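Engineer: Residue 164 in our numbering sits at position 164 of the first sequence, with consecutive numbering throughout. The C-beta atom is built at its ideal place from N, Cα and C for all residues, glycine as well. Since we're looking at a predicted model, the values are computed, not measured. Structure in structure tokens, see below.
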Amino acid sequence: MLPAEVQFHILKRGSVEIVPEDEFLEKLKRSVATGKPLIVKLGLDPSVPDLHIGHSVVLRKLRQFQDLGHEVVIIIGDFTAMIGDPSGQVKTRPQLSREEVERNARTYAEQYCKILDRSKTKVTFNSEWLSKLSFEEVIKLASNVTVSQVLEREDFSRRLRSGSELRLHEILYPLCQAYDSVVLNADVEMGGIDQKFNILLGRELQRRLGKEPQVGFFMPLLIGLDGKEKMSKSLGNYVGIAEPPKEMFGKLMSMPDELMHDYFILCTDVPEDEIESILSGHPMEAKKRLAWEIVRIYHGEEEANEAKDEFERVFSRRELPTDVPEVVISLSKIGSEDGKLQLARLLCAIGVASSGREAHRLIEQGAVEINGERITDRFAKVEVKTGDIMRVGKHRWIKLIVES
RNA sequence: GCAGGGGUGCCCGAGUCUGGCCAAAGGGGCGAGACUGUAAAUCUCGUGGGCGCCGCCCUUCGGAGGUUCAAAUCCUCCCCCCUGCACCA
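Here is the structure:
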């Protein structure tokens, strides 16, 4: 094991806050002295089936803990997900059924294993202990927390002040999470800075129950591709860990320039001084490098190269992508006269447009090309044959397979 | 239970008092085009459906009826949501 100070230095990098810092160092020292690893906890919410690179920020930090010899425990919040989580958004998250939760939780393993060391990762479900608590025990647990403590949480106080909805079970959620820490005897709880309240409540609850309090370890939140909100699936501004390489690369290329620095720091292994030099160059080249680095982590170097090639081919040079989806069209079904058919109907049949009106719009806007020839007459009739390439907009390509 | 505020197009949100000019402002998102450094940034246009379509028609504003030549807008009943008060072993 590395000396505590060295570990501390490595781990601290990239974090926003460690509460309290000196206690964390003490724990590390003790761990080194006794040879006992720290128990580092992370709660994951199974209400979303996919992990995205926002989650990876925290997972990557956990990997560092693992590599330093500590024990990482992932808690799938299956029980809390069935209660529904106050997400900090205006609305509360839906309460999931047991089946949904289980389905989602199962897909997690393969995803976080791209980052964590599987053999060193312990996974538990918090329903294991939370579902066994009696109501009496719950009330006793709740007695350890005051209402004003809970109302300190900004999200709660704001909603209360503005007179919007706040339900009792939402207040219980942080208590569940806190109790997880008690059960696990967690030394450290990892989380995004938005988890501050919940994690510190865990610390508080441990103390009240006579256990050694955990340290809160906070990572910054990754801003999503929209450049405004934190990355989340529901906002659609995310890049999923399990997404195919080309898609991943493309999505990353669509982020605002200003985000690049954060992404380099939080999502890649590129050393800081190198990041600076990359960012001082051409923004597009920098972004390509960033996208490449991230794709490489999840899919390997070869796939990353391929994704980059594809991107340059399609968007920079505006050439055909390597694999163009094929669509079978039936002339008789669409309705043709002497082999010619209405372009607008064709677009609908392919599924590119959901209505005739939309098809007309696309055509008139100049979005439709067949074999490189733009067609702008919405009443145009075209003659198509198998192998014809249709392009709709900048990045939709279709190879036609014609049947009579 | 009582009082008040709401339910509008993918989302948010005007419009309701003073019926028609409302397929319904504005913003977001999304789509397209131009430009370019990319699915960055910026600018422009579009964003219910049907019709060979610069006009006409159809279906939309929680639900069901009604008044009217005409209703998102007025009336009746119903459903749902939120807030406050009351109740509170």
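Looking at His52 and Gly240, is the spacing between their C-beta atoms short of 7 Å?
Structural biologist: Position 240 of the first sequence holds residue 240. Position 52 of the first sequence holds residue 52. Yes, they are a contact pair.
Engineer: Could you please give the first and the last residue of the uninterrupted alpha helix (DSSP H) stretch that includes Phe125?
Structural biologist: Locating residue 125 in the first sequence gives position 125, counting from the first residue. Taken as a continuous stretch (DSSP letters only), Phe125 belongs to no alpha helix (DSSP H), being part of the beta strand (DSSP E) at 121–125.
Engineer: Alpha carbon to alpha carbon, how far is Gly250 from Ala291?
Structural biologist: Mapped onto the first sequence, residue 250 falls at position 250. Mapped onto the first sequence, residue 291 falls at position 291. Each residue's Cα considered, the two are about 8 Å apart.
Engineer: What is the C-beta distance between Ile193 and Leu221, in whole angstroms, given that I count them as a contact (C-beta under 8 Å)?
Structural biologist: Within the first sequence, numbered from 1, the residue matching residue 193 stands at position 193. Within the first sequence, numbered from 1, the residue matching residue 221 stands at position 221. At roughly 6 Å, the Cβ-Cβ gap stays under 8 Å, so Ile193 and Leu221 are in contact.
Engineer: In whole angstroms, what separates the C-alpha of Glu285 from that of Glu312?
Structural biologist: Position 285 of the first sequence holds residue 285. Position 312 of the first sequence holds residue 312. Roughly 11 Å between the two C-alpha positions.
Engineer: Mind checking Ser47: buried by the 16 CB within 10 Å criterion, or exposed?
Structural biologist: In the first sequence, residue 47 corresponds to position 47, counting from 1. It counts as buried.
Engineer: What are the boundary residues of the alpha helix (DSSP H) that Leu331 is part of?
Structural biologist: As a working note, residue 331 is residue 331 in the first sequence. 331–334 is the span of the alpha helix (DSSP H), which, as asked, contains Leu331.
Engineer: From what residue to what residue does the beta strand (DSSP E) around Gln149 run?
Structural biologist: For the purposes of this step, residue 149 is identified with residue 149 of the first sequence, where counting begins at 1. Per DSSP, Gln149 belongs to no beta strand (DSSP E); it is in the alpha helix (DSSP H), 147–152.
Engineer: Going by DSSP, name the residue or residues bridged to Gly240.
Structural biologist: In the first sequence, the residue the question calls residue 240 occupies position 240. Per DSSP, His52.
Engineer: Identify whether Arg159 lies in helix, strand or coil by the three-state DSSP scheme.
Structural biologist: Start at 1 with the first residue of the first sequence, and residue 159 comes out as number 159. Helix at Arg159.
Engineer: Can you tell me the Cα-Cα spacing of Val182 and Pro283, whole angstroms?
Structural biologist: By one-based count along the first sequence, residue 182 stands at place 182. By one-based count along the first sequence, residue 283 stands at place 283. For Val182 and Pro283, the distance between alpha carbons rounds to 47 Å.
Engineer: DSSP puts Glu285 in a beta bridge; with which residues?
Structural biologist: For this step, residue 285 is matched to residue 285 along the first sequence. In DSSP, Glu285 forms no bridge with anything.
Engineer: Just confirm the distance between the C-beta atoms of Leu68 and Leu2, as a whole number of angstroms; I'd bet it's less than 8 Å.
Structural biologist: In the first sequence, counting from the first residue as 1, residue 68 sits at position 68. In the first sequence, counting from the first residue as 1, residue 2 sits at position 2. With a Cβ gap of about 6 Å, Leu68 and Leu2 count as contacting.
Engineer: Judging by CA-CA distance, which residue of Glu272, Tyr173, Pro271, Leu141 is the nearest neighbour of Arg207?
Structural biologist: Start at 1 with the first residue of the first sequence, and residue 207 comes out as number 207. The residue with the shortest Cα to Cα distance from Arg207 is Leu141.
Engineer: Would you kindly work out how many angstroms separate the C-alpha atoms of Thr107 and Glu274, rounded to a whole number?
Structural biologist: To locate residue 107, count along the first sequence from 1; it is residue 107. To locate residue 274, count along the first sequence from 1; it is residue 274. Going by the C-alpha atoms only, they are around 35 Å apart.
Engineer: Please name the residue in Ile74, Arg98, His70 whose C-alpha comes closest to that of Ala81.
Structural biologist: What you label residue 81 is simply residue 81 of the first sequence in a count that begins at 1. Selected option, being the one with the closest Cα: Arg98.
Engineer: Where does Leu347 sit, in a helix, a strand or coil, going by DSSP?
Structural biologist: Counting from 1 along the first sequence, the entry for residue 347 is found at position 347. If DSSP states are grouped into helix, strand and coil, Leu347 belongs with the helices.
Engineer: Using beta-carbon positions only, say whether Asp388 and Ile401 come within less than 7 Å of one another.
Structural biologist: Residue numbering aside, residue 388 sits at position 388 when the first sequence is read from its first letter. Residue numbering aside, residue 401 sits at position 401 when the first sequence is read from its first letter. No, these two residues do not count as a Cβ contact at 7 Å.
Engineer: Looking only at its chain, what residues have a beta carbon closer than 6 Å to the beta carbon of Gly307, apart from the 5 residues adjacent to it on each side?
Structural biologist: On the first sequence, position 307 is the one that residue 307 refers to. For the sequence presented, residue 307 should be read as Ala rather than Gly. Hits under 6 Å: Pro245, Lys246, Phe249, Val295.
Engineer: Please report the straight-line C-alpha distance between Lys91 and Ser15, rounded to a whole angstrom.
Structural biologist: For the purposes of this step, residue 91 is taken as the residue at position 91 of the first sequence. For the purposes of this step, residue 15 is taken as the residue at position 15 of the first sequence. Low per-residue confidence applies at Lys91: pLDDT is 39, beneath 50, and the placement is therefore not dependable, though the value from the model is reported in the following sentence. Rounded to whole angstroms, Lys91 to Ser15 spans 29 Å at the Cα level.
Engineer: Identify whether Gly210 lies in helix, strand or coil by the three-state DSSP scheme.
Structural biologist: By one-based count along the first sequence, residue 210 stands at place 210. Note: Gly210 maps to coil in three-state DSSP.
Engineer: Measuring CA to CA, which of Val215, Phe125, Gly281 is closest to Asn104?
Structural biologist: For this step, residue 104 is matched to residue 104 along the first sequence. Ranking the options by Cα distance to Asn104, first place goes to Phe125.
Engineer: Going along the chain, which residues of its own chain have a beta-carbon closer than 8 Å to the beta-carbon of Glu319, five neighbours each way excluded?
Structural biologist: By one-based count along the first sequence, residue 319 stands at place 319. For Glu319, where only same-chain residues beyond five positions count, the Cβ hits under 8 Å are Arg313.
Engineer: Using a Cβ-Cβ cut-off of 8 Å (strictly less than) and excluding sequence neighbours within five positions of Ile39, which residues of its own chain qualify?
Structural biologist: As a working mapping, residue 39 is identified with position 39 in the first sequence. Taken in chain order, the residues that qualify are His70, Glu71, Val73, Leu184, Asn185, Ala186, Asp187, Val188.
Engineer: By the 10 Å Cβ neighbour count, where 16 or more other Cβ atoms means buried, how is Arg374 classified, buried or exposed?
Structural biologist: Residue mapping note: residue 374 aligns to position 374 of the first sequence, counting from 1. Burial call: exposed.
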